[in-house]
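Colleague: The structure is given below, and queries will be raised subsequently.
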Amino acid sequence: MDGVKLHGAWASPFSNRVVWALKLKGIPFDYIEEDLPNKSALLLQYNPVHKKIPVLVHGSRPVCESMVIIEYLEETWPQYPLLPTDPHERAVLRFWVKLIEEKGLNIWIVYRSVGEEQDKAVRESVEMLSILEEHGPNKGKKFFGGDGINIMDIAFGAVACWIGAIEEVSGRKIFDAAKFPRLNSWIANFESSPVIAENLPDQEKLRELLARVREKRLSSSTHK
Amino acid sequence: MAKVGEVKLIGAWPSPFVMRPRIALNLKGVEYEFLEEKFGGKSDLLLRSNPVHKKIPVLLHADRPICESLVIVQYIDKSWPSSGPSILPSDPYDRAIARFWAAYIDEKWFPSMSGIARAQGEEAKKAAIDQVAEGLSLLEDAFGKISKGKPFFGGDAIGFLDIALGCFIGWLRVTERTQGVKLLDEAKVPGLAKWAGRFCADGAVKGVMPETEKLAEFAKLIMGKFKAPPPQ
């Protein structure tokens, strides 16, 4: 079988998603840490459209966009399935993945903005959490995937596991554990589950990095 | 084959997103009931079937709702596997490429399209139009690489990526007319310009792609509604 390489970044939720999927499926891979302010020529060659990580390279062929990569992994390595076989169940999960993809970006707007823009992003983030709390599948079970982690858990993990650091660095509250008991349990289950626990960014390092980048960004915009 | 009444689609004729599952159902030869939403209101059925987003399209298959246009298209492909051609490419890598470009279209290109109508002033309008043209140029490149000389992104027959992009052709033509620009320009994007003609002429598309004239009238109507003073 052709070798697998992943171009990623330790602090990136999107990069971590792919690592989780690779490790859950037991797919051996080489990991290349990209320095985001100095992206490699190879990365730019593999992802000319977005110039972003993660990029999975299978043999010599690149696949970009974290959830597209995960669907590709699912179709190429069937062990530890992340999607059910029933077309309707698959459609329901993909619906949720899309929702998480679209609304999950709001936490990053909270991170990098101030004032009204930030207020709106906080509201939209809370709305997304409310929807998942109430309507997310497999209520009462450990994960959205039931007893095991599935594609929706992986998608949401990239949002949930970064909220804490974003809250601290931006000074805004997004996740009220009292309001979201189901999601609160989910986070505890997810972060303690074997593969995930070993593949989460160090929270202190993450806070430091996010604080540094945020300060730089905000101070450069006020010097216009 | 679906039983009569088993497949319903909640939608509206002008919506490019609604067009996507309609084309997919046509490719598969699946008969369905089209439940047309009235402009300006949302039916109880829609609100019940898509409580999270309250948006069209929604496919109802034996009364089970499926939402999100491209999720529906993939569902249709899987549910009627032996009818018609495969909508998604058969090779996993080709599928990944198709999904990548579909995500680009929905997340980057379509928002730039709707940016044109929202742009205030000449400069902003020009910038918005340039953005759309840039995107089309990227898609032209992708078309060359993916179609490999065949008529469609999907090869000999319409496929997932054709559907993902082709549904916007009607609105692209309306934009060309109202803004006085050429977007599907044979000089700049020759591959896509010819592809657009083939796509719209295809049997699965012809009946569901509204005529530019009708869409332009509809566009005027909704722009009028947005600009009109509020009712007293």
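Line order of the protein sequences matches chains A and B.
Under our numbering, think of the first position of the first sequence as -2, with each following residue one higher.
Under our numbering, think of the first position of the second sequence as 2, with each following residue one higher.
Think of the CB as a built atom: it goes at the ideal place given N, C-alpha and C, for glycine as much as any other residue.
The structure displayed is predicted, hence computed values, not measured ones.
With 16 other CB atoms within 10 Å as the buried threshold, where does Lys49 (chain A) fall?
Modeller: On the first sequence, residue 49 (chain A) is found 52 positions in, with the first residue counted as 1. Buried, since its Cβ has 16 or more Cβ neighbours within 10 Å.
Colleague: Applying the 10 Å Cβ sphere with the 16-neighbour rule, what's the burial state of Met224 (chain B)?
Modeller: Here residue 224 (chain B) corresponds to residue number 223 of the second sequence, with the count starting at 1. Exposed is the call here.
Colleague: Contact between the stretch 52 to 65 of chain A and the stretch 42 to 61 of chain B is defined here as three or more beta-carbon pairs at a separation below 8 Å; is this criterion met?
Modeller: Not touching, per the Cβ criterion.
Colleague: Taking 7 Å as the cut-off, decide whether the C-beta atoms of His47 (chain A) and Ile29 (chain A) are in contact.
Modeller: Numbered from its first residue, the first sequence carries residue 47 (chain A) at position 50. Numbered from its first residue, the first sequence carries residue 29 (chain A) at position 32. The answer is no: Cβ separation not under 7 Å.
Colleague: Please determine if the stretch 146 to 163 of chain B and the stretch 199 to 209 of chain B are in contact, where contact requires at least 3 C-beta pairs separated by less than 8 Å.
Modeller: At 8 Å Cβ cutoff, the stretches touch.
Colleague: Give, in chain order, every unbroken run of the alpha helix (DSSP H) that is at least 4 residues long and sits entirely within the stretch 51 to 117 of chain B.
Modeller: The qualifying runs are 70 to 80 and 93 to 105.
Colleague: Buried or exposed: Lys221 (chain A), going by 16 or more other Cβ atoms within 10 Å of its Cβ?
Modeller: Reading the first sequence from its first residue, position 224 is the one you call residue 221 (chain A). For Lys221 (chain A), the predicted structure reports a pLDDT of 45, less than 50, and the residue's modelled location is therefore unreliable. A value from the coordinates is still provided. Exposed.
Colleague: Do three or more CB pairs link the stretch 182 to 199 of chain A to the stretch 139 to 152 of chain A at distances below 8 Å?
Modeller: Contact holds: three or more Cβ-Cβ distances are below 8 Å.
Colleague: Throw me the rounded Cβ distance for the Ile171 (chain A) and Val123 (chain A) pair, which I believe falls under 8 Å.
Modeller: Translated into positions along the first sequence, residue 171 (chain A) becomes position 174. Translated into positions along the first sequence, residue 123 (chain A) becomes position 126. Right, their Cβ atoms sit about 6 Å apart.
Colleague: Note down, one range per segment and in chain order, each alpha helix (DSSP H) of at least 4 residues found wholly within the stretch 161 to 206 of chain B.
Modeller: Runs found: 161 to 167, 170 to 180 and 191 to 202.
Colleague: May I ask you to check if the CB of Gly136 (chain B) is nearer than 6 Å to at least one heavy atom of the ligand NAP?
Modeller: By its list of ligands, the structure shown contains no ligand whatsoever, and the ligand NAP lies outside what it can speak to.
Colleague: Should Arg21 (chain B) and Ile164 (chain B) be called a contact, given that it needs their Cβ atoms to be closer than 7 Å?
Modeller: Within the second sequence, residue 21 (chain B) is the residue found at index 20, counting from 1. Within the second sequence, residue 164 (chain B) is the residue found at index 163, counting from 1. Yes, the Cβ-Cβ distance between Arg21 (chain B) and Ile164 (chain B) is below 7 Å.
Colleague: Got a sec: is the Cβ-Cβ distance from Cys158 (chain A) to anything in chain B below 7 Å?
Modeller: Translated into positions along the first sequence, residue 158 (chain A) becomes position 161. It does not: the Cβ of Cys158 (chain A) has no partner Cβ on chain B nearer than 7 Å.
Colleague: Which residues in the same chain have their Cβ closer than 6 Å to the Cβ of Ser57 (chain A), if we skip the five residues on either side of it in sequence?
Modeller: Within the first sequence, numbered from 1, the residue matching residue 57 (chain A) stands at position 60. Nothing meets the Cβ criterion.
Colleague: Please say whether Phe40 (chain B) and Leu10 (chain B) have beta carbons closer to each other than 7 Å?
Modeller: As a position in the second sequence, residue 10 (chain B) is number 9, starting the count at 1. As a position in the second sequence, residue 40 (chain B) is number 39, starting the count at 1. Against a cut-off of 7 Å, the Cβ pair of Phe40 (chain B) and Leu10 (chain B) comes out as no contact.
Colleague: Beta-carbon of Tyr43 (chain A) versus every beta-carbon of chain B: anything under 7 Å?
Modeller: Translated into the one-based positions of the first sequence, residue 43 (chain A) becomes position 46. Not one chain B Cβ lies under 7 Å of Tyr43 (chain A).
Colleague: Any beta carbon from chain B within less than 7 Å of Thr82 (chain A)'s own beta carbon?
Modeller: The sequence position of residue 82 (chain A) within the first sequence is 85, counting from 1. So no, Thr82 (chain A) is outside the interface.
Colleague: Is it true that the CB of Trp17 (chain A) sits closer than 7 Å to the CB of Pro231 (chain A)?
Modeller: Outside the displayed range of chain A (-2 to 221) lies residue 231 (chain A), so it cannot be described from this structure.
Colleague: Taking Cβ to Cβ, would you say Ile67 (chain B) is nearer than 7 Å to Ala88 (chain A)?
Modeller: Locating residue 67 (chain B) in the second sequence gives position 66, where the first residue counts as 1. Locating residue 88 (chain A) in the first sequence gives position 91, where the first residue counts as 1. Yes. Within cutoff.
Colleague: Taking 7 Å as the CB-CB limit, is Tyr77 (chain A) close to chain B?
Modeller: Locating residue 77 (chain A) in the first sequence gives position 80, where the first residue counts as 1. It does not; no Cβ of chain B falls within 7 Å.
Colleague: Please identify, using Cβ separations under 7 Å, the residues of the stretch 42 to 55 of chain B that lie next to chain A, in order along the chain.
Modeller: Residues Val53.
Colleague: Just the C-alpha distance for Pro191 (chain A) and Ser216 (chain A), rounded to the nearest angstrom, thanks.
Modeller: Your numbering for residue 191 (chain A) matches position 194 in the first sequence. Your numbering for residue 216 (chain A) matches position 219 in the first sequence. Between Pro191 (chain A) and Ser216 (chain A), the C-alpha separation is close to 40 Å.
Colleague: In chain order, what residues of the same chain lie with their CB nearer than 7 Å to the CB of Trp81 (chain B), ignoring the 5 residues before and after it?
Modeller: One-based indexing of the second sequence puts residue 81 (chain B) at position 80. For Trp81 (chain B), where only same-chain residues beyond five positions count, the Cβ hits under 7 Å are Lys29 and Val31.
Colleague: Applying a beta-carbon distance threshold of less than 7 Å, which residues of chain A neighbour Tyr105 (chain B)?
Modeller: In the second sequence, residue 105 (chain B) corresponds to position 104, counting from 1. Simply Val46.
Colleague: Does any residue of chain B bring its CB to less than 7 Å from the CB of His4 (chain A)?
Modeller: Translated into positions along the first sequence, residue 4 (chain A) becomes position 7. No, His4 (chain A) lies away from the interface with chain B (no Cβ there is under 7 Å from its Cβ).
Colleague: Apply the 10 Å Cβ neighbour rule to Arg23 (chain B) and answer buried if 16 or more other Cβ atoms are within range, or exposed otherwise.
Modeller: Residue 23 (chain B) sits at position 22 when you count from the first residue of the second sequence. That one is buried.
Colleague: Could you tell me whether the stretch 119 to 135 of chain B touches the stretch 179 to 191 of chain B, where touching means 3 or more Cβ pairs closer than 8 Å?
Modeller: Yes: the two stretches touch, three or more of their Cβ pairs being nearer than 8 Å.
Colleague: Using a Cβ-Cβ cut-off of 7 Å, state whether Ile128 (chain A) counts as contacting chain B.
Modeller: Taking the first sequence and counting its residues from 1, the one referred to as residue 128 (chain A) is at position 131. Yes, its Cβ sits closer than 7 Å to a Cβ of chain B.
Colleague: State the DSSP-derived secondary structure class of Asp150 (chain A), mapped to helix, strand or coil.
Modeller: Stepping through the first sequence from its first residue, residue 150 (chain A) is reached at position 153. In the structure shown, Asp150 (chain A) sits in a helix (DSSP, three-state: H, G or I).
Colleague: Does the stretch 110 to 123 of chain A come within contact of the stretch 93 to 100 of chain B, defined as at least 3 CB pairs closer than 8 Å?
Modeller: These segments do not touch.
Colleague: Give me the Cα-Cα distance between Arg211 (chain A) and Glu114 (chain A), rounded to the nearest whole angstrom.
Modeller: Looking up residue 211 (chain A) in the first sequence gives position 214. Looking up residue 114 (chain A) in the first sequence gives position 117. When rounded, the distance between both Cα atoms is 15 Å.
Colleague: Check whether chain A comes within 7 Å of Tyr1 (chain B), counting only Cβ atoms and requiring the distance to be less than that.
Modeller: In the structure as shown, chain B begins at 2 and stops at 233. Residue 1 (chain B) is therefore absent and cannot be evaluated.
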